[in-house]
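**Student:** For the sequence shown, the numbering used here assigns the number 1 to the initial residue and increments by one for each residue that follows.
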Amino acid sequence: MTEQKLTLPEAFVKKMSALLGEEEFELFLKSYSHVPKKGLRANTLKAGLAEMVSRIPFETQPIPWCGTGVYIDADERPGKQLAYNAGLFYVQEPSAMIPAAALNPKPGDRVLDLCAAPGGKTTQLACALQNTGFLAANEVVKSRAKILASNVERMGIKNAVITNMRPDQLVAVFGCTFDKILVDAPCSGEGMFRKDPAVAEAWDLDRVADCARRQKKMLETVDQLLKPGGELVYSTCTFAPEEDEQMVEFLVESGKYQVLPIELKGLSDHGRPEWTKRGCADVAKAVRIMPHRAEGEGHFVARLVKVSSDGADLQPAFSKKKSKKSLWHRASKRDLKDYRAFAETVGLCAELEGTPMIYQDQLYVLPEGLAPGQLQLAKWVRPGFFIGTFKKGRFEPSHTLAMALKRGEIQSVYDFNNDDEAYAYMKGEPIPYQGSLKGWVLMCWQGYPLGWGKASGGAVKNHLPKGLRILKK
Ligand code: SAM
């Protein structure tokens with residue numbers, strides 16, 4: 001195992017040593033000198049684990065609690081792989097794979113990821129839903145919400161909406177309608193110290209107290225969004241009992257929630273009742289990943305069921321009719337003429353699964369579970385699946401559409417001859433081409449789309465969005 005040196009805040013050392021006791025604290029402290037392994041999780045919307053592993057040059061070992069996750073060595077650079085650009089995997093800290101696996105949504109569920117950026121858990125939830133049901137991913141920080149949108153796009157997710165709002169503002173948009181909610185709360189990040197020493201520098205005891213206050217407020221809001229009988233997973237990447245066990249105790253004492261067991265492999269550590277304020281025994285059903293006991297940075301995860309029906313009558317405040325002021329309208333057959341012409345030329349089925357809506361010159365498909373009347377209520381980053389833009393007399397397909405397509409769903413395809421050619425495309429270069437294809441072509445690496453190109457005059461012109469181009473291999 002690779003070694004590293006890290007200075008921990010004094011108050012943190014004192015607190016953890018009191019919590020863990022001398023013997024365990026020594027092991028805990030020792031774990032800080034180890035460089036953590038990285039994790040990759042297969043994007044099963046595109047490829048299964050074995051298929052993903054066959055497309056990367058790394059040695060992998062299974063992550064016990066996530067059937068689609070693998071450890072790779074700390075020195076590897078997975079973000080430089082074409083398989084990354086093709087959305088075959090998400091780079092995710094191994095213990096961060098537990099919360100979405102614990103929530104375990106089933107196809108058709110209505111799911112909310114309340115604190116979603118950069119999107120590790122959103123993309124994992126999307127894999128479980130397999131583009132069915134409804135996935136709302138929210139992020140309060142705008143710049144982070146854009147990163148979330150880019151990850152959702154790369155992974156080819158079609159049934160998600162992305163909002164950029166405070167949790168309490170979501171109640172008026174969605175009401176009490178979710179089957180499952182994930183609250184991966186902003187926290188004091190004690191489990192990140194080893195991976196990111198800047199988090200250790202920013203840490204102090206006041207920060208822990210502030211985070212706990214914010215988490216409590218967030219959990220009160222969740223009650224107005226989660227259906228009775230619905231499930232909540234609450235997680236943090238901190239060790240602080242104020243943000244972990246004591247938050248679960250708060251939920252249990254409200255009388256509205258009961259803790260459920262988390263049945264995943266390889267989890268031996270659990271929530272500690274002695275770290276609650278009033279000895280809440282049920283917190284023992286929650287799980288902890290501690291870096292001296294498992295190969296992961298540190299996470300606390302609790303799964304709860306809502307047993308009260310308070311708030312169940314809260315419905316979203318939208319009317320089925322769209323307001324006159326709305327900039328959205330439902331796409332008519334006539335509106336879709338240029339889109340259909342594009343679909344026909346590239347050999348793509350023109351039928352759109354869901355409600356086609358137009359915002360100015362952009363075509364979206366709303367996922368099932370979002371009504372047109374809700375569109376004017378939220379601050380959207382993505383109100384659904386973005387198909388493309390209407391230009392004068394033609395339709396320009398979106399990168400989002402390219403990333404969600406499967407090789408067999410479209411006829412106009414260019415398969416890169418080798419990795420060098422695919423890297424040239426990722427750098428924004430045109431690709432020399434003498435074949436018979438004309439116009440829009442889906443550029444595929446080993447059968448997986450990287451983006452669009454446009455064939456004409458001996459080359460395929462590069463249509464990869466500028467922000468996604470790589471500067472060097
Ligand atoms: N779930 C994400 C993932 O797996 O990639 C990580 C989420 S991170 C632990 C917590 C997120 O909560 C951050 O992106 C942060 O910007 C956001 N956040 C910060 N303050 C918030 C607030 N008051 N309400 C909701 N989210 C907040």
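Note that beta-carbon positions come from the ideal geometry of N, C-alpha and C, so glycine has one too.
1. Distance check for alanine 212 and tyrosine 339, CA to CA, integer angstroms please.
2. Looking at the unbroken alpha helix (DSSP H) that takes in threonine 345, where does it start and where does it end?
3. How about cysteine 280 and glutamate 231: do their beta carbons lie closer than 9 Å?
4. Glutamate 243: beta carbon under 8 Å from a heavy atom of the ligand SAM?
5. Report yes or no: do the segment 26 to 40 and the segment 81 to 100 share at least 3 C-beta pairs separated by less than 8 Å?
6. Pairs of beta-carbons, one from the segment 326 to 346 and one from the segment 417 to 424, closer than 8 Å: are there three or more?
7. Any heavy atom of the ligand SAM inside 8 Å of the beta-carbon of threonine 163?
8. To the nearest angstrom, report how far apart glycine 333 and proline 167 are at their CA atoms.
9. Do you know how far the Cα of serine 309 is from the Cα of threonine 400?
10. So, under 8 Å CB-CB, leucine 464 and glycine 428 are touching, yes? Tell me the CB distance rounded to an integer number of Å.
11. In terms of residues, what are the limits of the alpha helix (DSSP H) holding leucine 205?
12. In chain order, what residues of the same chain lie with their CB nearer than 8 Å to the CB of glycine 439, ignoring the 5 residues before and after it?
13. Go ahead and label serine 33 buried or exposed: buried means 16 or more other beta carbons lie within 10 angstroms of its beta carbon, across all protein chains shown.
14. I'd like the list of long-range same chain contacts for methionine 16, defined as Cβ closer than 7 Å, with 5 residues on each side in sequence excluded.
15. With three or more beta-carbon pairs closer than 8 Å as the criterion, would you say the segment 115 to 122 touches the segment 360 to 378?
16. What are the residues that DSSP puts in a beta bridge with serine 398?
17. Cβ of aspartate 113 versus every heavy atom of the ligand SAM: is any distance shorter than 8 Å?
18. Let me make sure I understand the geometry here. Which of Gly266, Gly271, Lys306, Leu304 has the alpha-carbon closest to that of glycine 296?
19. What ranges does the beta strand (DSSP E) occupy inside the segment 257 to 291, keeping only unbroken runs of at least 3 residues that lie completely in it?
**Tutor:** On the basis of the supplied data:
1. Residue mapping note: residue 339 aligns to position 339 of the sequence shown, counting from 1. Residue mapping note: residue 212 aligns to position 212 of the sequence shown, counting from 1. Computed Cα separation, rounded: 49 Å.
2. As a first step, residue 345 is located in the sequence shown; it is residue number 345 there, counting from the start. Run containing threonine 345: 337 to 346, per the alpha helix (DSSP H) assignment.
3. Numbered from its first residue, the sequence shown carries residue 280 at position 280. Numbered from its first residue, the sequence shown carries residue 231 at position 231. No. Outside cutoff.
4. The residue labelled residue 243 in the question sits at position 243 within the sequence shown. No, the ligand SAM has no heavy atom inside 8 Å of this Cβ.
5. yes
6. no
7. The residue you call residue 163 lines up with position 163 of the sequence shown. Threonine 163: no, Cβ never under 8 Å from the ligand SAM.
8. Numbered from its first residue, the sequence shown carries residue 333 at position 333. Numbered from its first residue, the sequence shown carries residue 167 at position 167. The sequence as given places lysine at residue 333; glycine does not occur at that position. Going from the Cα of lysine 333 to the Cα of proline 167 covers about 37 Å.
9. To locate residue 400, count along the sequence shown from 1; it is residue 400. To locate residue 309, count along the sequence shown from 1; it is residue 309. Going by the C-alpha atoms only, they are around 39 Å apart.
10. Within the sequence shown, numbered from 1, the residue matching residue 464 stands at position 464. Within the sequence shown, numbered from 1, the residue matching residue 428 stands at position 428. Contact holds; Cβ gap of about 6 Å.
11. As a working mapping, residue 205 is identified with position 205 in the sequence shown. Run containing leucine 205: 205 to 222, per the alpha helix (DSSP H) assignment.
12. The residue you call residue 439 lines up with position 439 of the sequence shown. Thr345, Val346, Ser412, Lys454, Ala455, Ser456, listed in sequence order.
13. Position 33 of the sequence shown, counted from the start, is the residue given in the question as residue 33. Per the 10 Å Cβ criterion, exposed.
14. Translated into the one-based positions of the sequence shown, residue 16 becomes position 16. Answer for methionine 16: Phe25, Phe28, Phe239, listed in chain order.
15. Contact between the segment 115 to 122 and the segment 360 to 378 is absent: fewer than 3 CB-CB pairs across the two stretches fall below 8 Å.
16. Your numbering for residue 398 matches position 398 in the sequence shown. The partner list for serine 398 (beta bridge, DSSP) is empty, contrary to what the question assumes.
17. Here residue 113 refers to the residue found at position 113 when the sequence shown is read from its first residue. Judged by the Cβ position, aspartate 113 qualifies as a neighbour of the ligand SAM at the 8 Å threshold, a heavy atom of the ligand being closer than this.
18. On the sequence shown, residue 296 is found 296 positions in, with the first residue counted as 1. Per the Cα distances, Gly266.
19. 257 to 260, 287 to 289
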